[in-house]
Structures are given as C-alpha cells and as structure tokens.
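In our numbering, the protein residues as written are 1164 to 1278. Notes follow once the structure below has been shown.
Written as structure tokens, this is what we have:
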C-alpha cells in the first residue's frame, strides 16, 4: 500500500491520524486534501532537516506558531505519534522496531514537545 505520490502519502497520513482520533478532526478547519498535503509537507520538511539542527528547530517553531489556536496536550501528541508510527510500521514491514522507527518516534516526540 505504498503511496506513489505526495498527495497519496498525505492522504494516508491524514487517514491514519483521523482514523485513530476522529474526535480531533473538527480541530482542523482546512479541507481534508489541504490538511493532508500540509501534514505531508510538514513531516517531509522535518525529516529532510534532520541533518541541520538549526533548520529543524526553525521548522518546528514555525509549526508551533501555526498551532497556537489548538490546545496541544500530551495525550493528543501520543495519539498523533502512535497513529503515524503505526502507519510507517505497516508501510515498511517493521513492527515498532528498528533504528528508523525509533528515529521517527523520537522526531515526533521532539515536535510534540515543542508544541
């Protein structure tokens, strides 16, 4: 079920998130397709900037400012992190193990902690 386009990847991320937490969908006002691409772009930007701490920090801070209107809680971050981690595991065949999975979860924890 590997996504072949950025749009398909964004939709898969969006579906994983909203399937695990449908009650959070009303918090996001953008149309689903727009939200899916923003989610994909944000995660892609963070992953691409892992080699440059200053760029990653700036990207995470920008994301934080974009979410000032949303009450970001630890439980919401955990739901988000777990949903995306499960999607990655199913797409890669890893079941929560491996360096890549640990790194991805660490990245999502870092982002969530900064929000």
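Think of the CB as a built atom: it goes at the ideal place given N, C-alpha and C, for glycine as much as any other residue. All values reported here derive from a predicted model rather than from experimental measurement.
Taking only the alpha-carbon atoms, compute the straight-line gap between residue i and residue j and give it to the nearest angstrom.
i, j, result
"residue 1263", "residue 1252", "10 angstroms"
"residue 1230", "residue 1215", "23 angstroms"
"residue 1172", "residue 1268", "18 angstroms"
"residue 1270", "residue 1256", "20 angstroms"
"residue 1224", "residue 1238", "20 angstroms"
"residue 1228", "residue 1276", "13 angstroms"
"residue 1170", "residue 1254", "16 angstroms"
Would DSSP call residue i helix, strand or coil?
i, result
"residue 1234", "coil"
"residue 1173", "helix"
So is residue i in contact with chain C if we call contact Cβ pairs under 8 angstroms?
i, result
"residue 1240", "As a matter of chain content, chain C is missing from the structure shown, which is built from one protein chain."
Note to self: Any contact between the region 1205–1219 and the region 1183–1194? By contact I mean 3 or more CB pairs, one from each, below 8 angstroms.
What the structure shows: no
Notebook entry, point to check: If we count Cβ pairs, one from each stretch, closer than 8 angstroms, do we get three or more for the region 1175–1182 versus the region 1232–1247?
Noted result: yes
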